[in-house]
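First residue of the sequence shown? That's 2 in my numbering, and the numbers climb one at a time after it.
We treat Cβ as the ideally placed atom computed from N, Cα and C, and that holds for glycine.
For reference, the structure discussed in these notes is given below.
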Amino acid sequence: MPEQPDKNAIEVRGVRKVFGSGENQVAALDTVSVSIRENEFFTL
Numbered sequence: 002m003p004e005q006p007d008k009n010a011i012e013v014r015g016v017r018k019v020f021g022s023g024e025n026q027v028a029a030l031d032t033v034s035v036s037i038r039e040n041e042f043f044t045l
């Protein structure tokens, strides 16, 4: 029986998180993309 390819359990694209506003803005995440497969461990 052929193996099935790993499936993505979680997939996100183009995530952006900004704190503050105006001149005080800080981009914690800027256009982050990630794919996490089944049985993988991930931390951010």
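Contact annotation, S36 with N9: C-beta distance approximately 5 Å; criterion of less than 8 Å satisfied. Across the set V13, A28 and R14, the C-alpha of A28 shows the shortest separation from the C-alpha of F20.
Inter-residue distance for D31 and R17 is about 5 Å (C-alpha atoms, whole angstroms). The beta carbon of I11 sits closer than 6 Å to those of I37, all from its chain and outside the five residues before and after it, given in chain order.
The alpha-carbon of F43 is positioned some 30 Å away from that of S22.
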